[in-house]
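Engineer: Numbered according to UniProt numbering, the sequence shown spans residues 1 to 459.
Glycine is no exception: its CB is placed at the ideal position from the N, C-alpha and C atoms.
As the structure is a prediction and not an experimental result, all values here were calculated from the model.
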Amino acid sequence: MKRCRRNGFAPRVGWSRQRRHASDTGSKLTSIPTPLAAAPTSPRITASSCLSMTSATDLSKIQVDVGTPEGEMIFHSAASKLDFKGYQSVYEDTEGDSVHEDNFEALSKLMVAVKDLVSPVNVHLGQHFTKPPSRYSEGALIKKLEELGIGRPSTYASIMKVLQDRKYVTAKSRVLHPEFRGRMVSAFLLHHFSEVADYSFTANMETELDNVSAGLTEWKGLLKGYWERFSKYCADASNLDGRKVERMLEEKFGPILFPNVDTDNRICPSCSEGTLRFKVSRYGEGYFIGCDRHPKCKYIARSLSQQEDETEPTEECQKTFTPRLLGVMPDSDEKVFLKQGPYGHYVQIGEDKKGLFPKRASLSKVKDIDSVTLEDAIELLQYPKILGKHPEDDYPVLITHSKVGYNIKHRRSLALVPKSVDPKKMTLERALKLLSGKSVRRIGRPKGKVENKEPMEWH
């Protein structure tokens, strides 16, 4: 390092405390010199240590434009020459802009004879691809939110958690990748809540809330003005026709949903009459591509554009599952089928008929679907099973089966059966003990109870 200072590669200044903002951690780091216990073994560590104390490089750049007098065709050329190495004497950036001194000398001679005519001798065609902006990491996204004035340090962690818990984004190698669900929510909010989704709205609201905390703004007036506009947006969105929302999303994400397919060629492969459309599930929890002739045609595509939330499809999703006949019920001679639905495989008694709801049982806990037998299906289809009547109100106490396991149900009370308990040996006495335990939860809403929908009054 002494040699570098003597040659001018490092500045002749003493150590100074420098503080930098670490956007990834939200903390302040202070660089203070400390004696090294041992010499670092990595050349890269040594180079980085010396690099932090060296001077900047000094380059001479030249640019030349050659073209016709009318300006119809202009050729641009640029070159640079290294006058002072600086930090490159310690560490040379091979990925950075390269320096071509030969080109610099050639362009310098050309500028001397700039008034003369230039004749082309050789033409070399080169292609350069621009790279898209890098995806955000959590730290980079937080830094962008700070620049836009959105959020506060205490809310950034919860924002990142909500984005990943709701599967709007997924973190892969510390980089956030948007999921299709997040794209849909973003498109819906921008279309129907454009004011609320605008960056300036959030930043201005943060400022107004700071003014409320400082006593400069009256909070009731602020909330009243916001609520009058926001409640109108909510009312308009609540009255939307689901099909219009589906068409809006289909138009927005058509190239993703139907790649390399024209709008006129989305013919249903099952009935050859309908058209494939983007659809949202009944309760808004999922989405799929299906035939618009439903319920006459029940075709459902297994995946969206061969991708589900921008992840590679599994082999199970790629396979087309055909319903399998397991046998017949011994007491009614009804057929028992093994089928696959949007939430997994299940067994069913009888065939699908309009207006009828056949009894079904989920097979979400079964790993090997090919090993399911008629006996397994009959065992699952016996639930829900009545264990007896509750001694307090004579309502039935049932044991039910769902995708999470076995439960004891009594009216609106639901208790989970421990995995260590055999459901075949469940008795009414044991079920009553579970219903009186601490793990009981309430489901549904009491009959006859009406929600209070009176408008909020501002005083």
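Just the C-alpha distance for H345 and K172, rounded to the nearest angstrom, thanks.
Structural biologist: For this step, residue 345 is matched to residue 345 along the sequence shown. For this step, residue 172 is matched to residue 172 along the sequence shown. Each residue's Cα considered, the two are about 30 Å apart.
Engineer: Could you give the distance in angstroms between the alpha-carbon of P35 and the alpha-carbon of L163?
Structural biologist: Translated into the one-based positions of the sequence shown, residue 35 becomes position 35. Translated into the one-based positions of the sequence shown, residue 163 becomes position 163. With a pLDDT of only 45 at P35, under 50, the local geometry of the prediction cannot be trusted, and the value read off the model is given with reservation. Each residue's alpha carbon lies about 44 Å from the other.
Engineer: Which residue spans inside the segment 346-401 form an unbroken alpha helix (DSSP H) run of at least 4?
Structural biologist: Taking only runs of at least 4 residues, the alpha helix (DSSP H) segments lying wholly in the segment 346-401 are 374-381.
Engineer: Compute the Euclidean distance between the alpha carbons of L189 and S200, then round it to the nearest angstrom.
Structural biologist: Along the sequence shown, read from residue 1 onward, the residue named residue 189 stands at position 189. Along the sequence shown, read from residue 1 onward, the residue named residue 200 stands at position 200. Between L189 and S200, the C-alpha separation is close to 15 Å.
Engineer: What residue range is occupied by the uninterrupted alpha helix (DSSP H) comprising V212?
Structural biologist: Translated into positions along the sequence shown, residue 212 becomes position 212. Unbroken alpha helix (DSSP H) run through V212: 199-213.
Engineer: Touch check for the segment 174-193 and the segment 210-223: three-plus C-beta pairs under 8 Å?
Structural biologist: No, the segment 174-193 does not touch the segment 210-223.
Engineer: Among F337, K61, R277, S48, which residue has its Cα nearest to the Cα of S89?
Structural biologist: Residue 89 sits at position 89 when you count from the first residue of the sequence shown. It is S48.
Engineer: Is it true that the segment 265-285 meets the segment 227-237, where meeting means three or more beta-carbon pairs spaced less than 8 Å apart?
Structural biologist: The segment 265-285 is not in contact with the segment 227-237.
Engineer: DSSP state of D241, grouped into three classes?
Structural biologist: Reading the sequence shown from its first residue, position 241 is the one you call residue 241. Coil, per DSSP.
Engineer: Does the distance from the CB of I408 to the CB of L435 come in under 8 Å?
Structural biologist: Here residue 408 corresponds to residue number 408 of the sequence shown, with the count starting at 1. Here residue 435 corresponds to residue number 435 of the sequence shown, with the count starting at 1. Contact flag set, yes.
Engineer: Return the bridge partner residues of A171 from the DSSP annotation.
Structural biologist: In the sequence shown, residue 171 corresponds to position 171, counting from 1. For A171, which the question treats as bridged, DSSP gives the partners L176.
Engineer: Given this structure, state the Cα-to-Cα distance separating L216 from M205, to the nearest angstrom.
Structural biologist: Within the sequence shown, numbered from 1, the residue matching residue 216 stands at position 216. Within the sequence shown, numbered from 1, the residue matching residue 205 stands at position 205. About 14 Å.
Engineer: Pop quiz: E138 and M160 are said to be a contact at Cβ under 8 Å. What is the actual Cβ separation, rounded to whole angstroms?
Structural biologist: In the sequence shown, residue 138 corresponds to position 138, counting from 1. In the sequence shown, residue 160 corresponds to position 160, counting from 1. Contact holds; Cβ gap of about 5 Å.
Engineer: Just checking my contact of V397 with K385 at CB under 8 Å: how many whole Å lie between their CB atoms?
Structural biologist: On the sequence shown, residue 397 is found 397 positions in, with the first residue counted as 1. On the sequence shown, residue 385 is found 385 positions in, with the first residue counted as 1. So it is not a contact: roughly 10 Å between Cβ atoms.
Engineer: With distance defined between alpha-carbon atoms, name the residue in H128, I150, H177 nearest to S134.
Structural biologist: Residue numbering aside, residue 134 sits at position 134 when the sequence shown is read from its first letter. Cα-wise, what sits closest to S134 is H177.
Engineer: Using 10 angstroms around the beta-carbon of E105, count the other beta-carbons present and answer buried if the total reaches 16, otherwise exposed.
Structural biologist: What you label residue 105 is simply residue 105 of the sequence shown in a count that begins at 1. E105 should be labelled exposed.
Engineer: I'd like to confirm the pairing. Which residues does DSSP put opposite K409 in its beta bridges?
Structural biologist: Indexing the sequence shown from 1 puts residue 409 at position 409. L398, L414.
Engineer: Can you check whether the CB of V440 is closer than 8 Å to the CB of S413?
Structural biologist: Position 413 of the sequence shown, counted from the first residue, corresponds to residue 413. Position 440 of the sequence shown, counted from the first residue, corresponds to residue 440. In this structure, V440 lies closer than 8 Å to S413 by Cβ.
Engineer: Can you check which of these residues, P342, E351, R324, Q340, is closest to residue 497 by C-alpha distance?
Structural biologist: Residue 497 is absent from the structure shown; the chain starts at 1 and stops at 459.
Engineer: Work out the CA separation of S52 and S31 for me, nearest whole Å.
Structural biologist: Here residue 31 corresponds to residue number 31 of the sequence shown, with the count starting at 1. Here residue 52 corresponds to residue number 52 of the sequence shown, with the count starting at 1. Caution is warranted here: a pLDDT of 43 is assigned to S31, below 50, making its placement in the model unreliable, and the coordinate value is therefore given only provisionally. In a straight line, the C-alpha of S31 is about 11 Å away from that of S52.
Engineer: Helix, strand or coil: which one does DSSP assign to residue 480?
Structural biologist: Since the first residue of the chain shown is 1 and the last is 459, residue 480 is not available in this structure.
Engineer: Please identify the residue among P342, I150, Y87 whose C-alpha is closest to the C-alpha of S281.
Structural biologist: In the sequence shown, the residue the question calls residue 281 occupies position 281. Taking only the C-alpha atoms, the option nearest S281 is P342.
Engineer: State yes or no: is the C-beta of M374 within less than 8 Å of the C-beta of L326?
Structural biologist: Here residue 374 is taken as the residue at index 374 of the sequence shown, counted from 1. Here residue 326 is taken as the residue at index 326 of the sequence shown, counted from 1. Note on identity: in this sequence residue 374 is Leu, with Met being the wrong assignment. Against a cut-off of 8 Å, the Cβ pair of L326 and L374 comes out as a contact.
Engineer: By the 10 Å Cβ neighbour count, where 16 or more other Cβ atoms means buried, how is V66 classified, buried or exposed?
Structural biologist: Here residue 66 refers to the residue found at position 66 of the sequence shown. V66 comes out exposed.
Engineer: Determine the direct distance from the alpha carbon of D368 to that of A361, and round the result to whole angstroms.
Structural biologist: Here residue 361 refers to the residue found at position 361 when the sequence shown is read from its first residue. Here residue 368 refers to the residue found at position 368 when the sequence shown is read from its first residue. Cα to Cα, A361 sits roughly 16 Å from D368.
Engineer: Where do the ends of the alpha helix (DSSP H) carrying L432 lie?
Structural biologist: As a position in the sequence shown, residue 432 is number 432, starting the count at 1. Its alpha helix (DSSP H) spans residues 428-435.
Engineer: On the premise that V336 lies in contact with A377, defined as a C-beta separation below 8 Å, what is that separation, rounded to the nearest angstrom?
Structural biologist: For this step, residue 377 is matched to residue 377 along the sequence shown. For this step, residue 336 is matched to residue 336 along the sequence shown. Sure, about 5 Å apart at Cβ, within 8 Å.
Engineer: Whose C-beta lies closer than 6 Å to the C-beta of S16 among residues of the same chain, with five residues either side of it excluded?
Structural biologist: By one-based count along the sequence shown, residue 16 stands at place 16. Low confidence applies to S16: its pLDDT is 44, below 50, so where it sits in the model is not reliable enough to give any reading.
Engineer: For T275, which three-state DSSP category applies?
Structural biologist: Looking up residue 275 in the sequence shown gives position 275. Note: T275 maps to strand in three-state DSSP.
Engineer: Among K252, Q340, L240, V404, whose alpha-carbon lies nearest the alpha-carbon of K419?
Structural biologist: Working through the sequence shown from its first residue, we reach residue 419 at position 419. K419 has its Cα closest to that of V404, out of K252, Q340, L240, V404.
Engineer: Report, in whole angstroms, the separation of the C-beta atoms of Y136 and K144, which I expect to be a contact under 8 Å.
Structural biologist: Translated into the one-based positions of the sequence shown, residue 136 becomes position 136. Translated into the one-based positions of the sequence shown, residue 144 becomes position 144. Yes, they are in contact, since the Cβ atoms of Y136 and K144 sit about 7 Å apart, within 8 Å.
Engineer: Taking the beta strand (DSSP E) that C327 belongs to, which residues open and close that run?
Structural biologist: Stepping through the sequence shown from its first residue, residue 327 is reached at position 327. Note that residue 327 corresponds to Gly in the displayed sequence, not to Cys. It spans 324-328 - the beta strand (DSSP E) in which G327 sits, taken as one unbroken run.
Engineer: Can you give me the C-alpha to C-alpha distance between V118 and L82, rounded to a whole angstrom?
Structural biologist: Against the sequence shown, residue 118 aligns to sequence position 118. Against the sequence shown, residue 82 aligns to sequence position 82. Rounded to the nearest angstrom, the two C-alpha atoms are 27 Å apart.
Engineer: What residue range is occupied by the uninterrupted alpha helix (DSSP H) comprising Y299?
Structural biologist: Within the sequence shown, the letter at position 299 stands for residue 299. Segment: none, Y299 is in no alpha helix (DSSP H) and carries neither H nor E.
Engineer: Alpha carbon to alpha carbon, how far is V169 from T207? Give it in angstroms, no decimals.
Structural biologist: Numbered from its first residue, the sequence shown carries residue 207 at position 207. Numbered from its first residue, the sequence shown carries residue 169 at position 169. Each residue's Cα considered, the two are about 28 Å apart.
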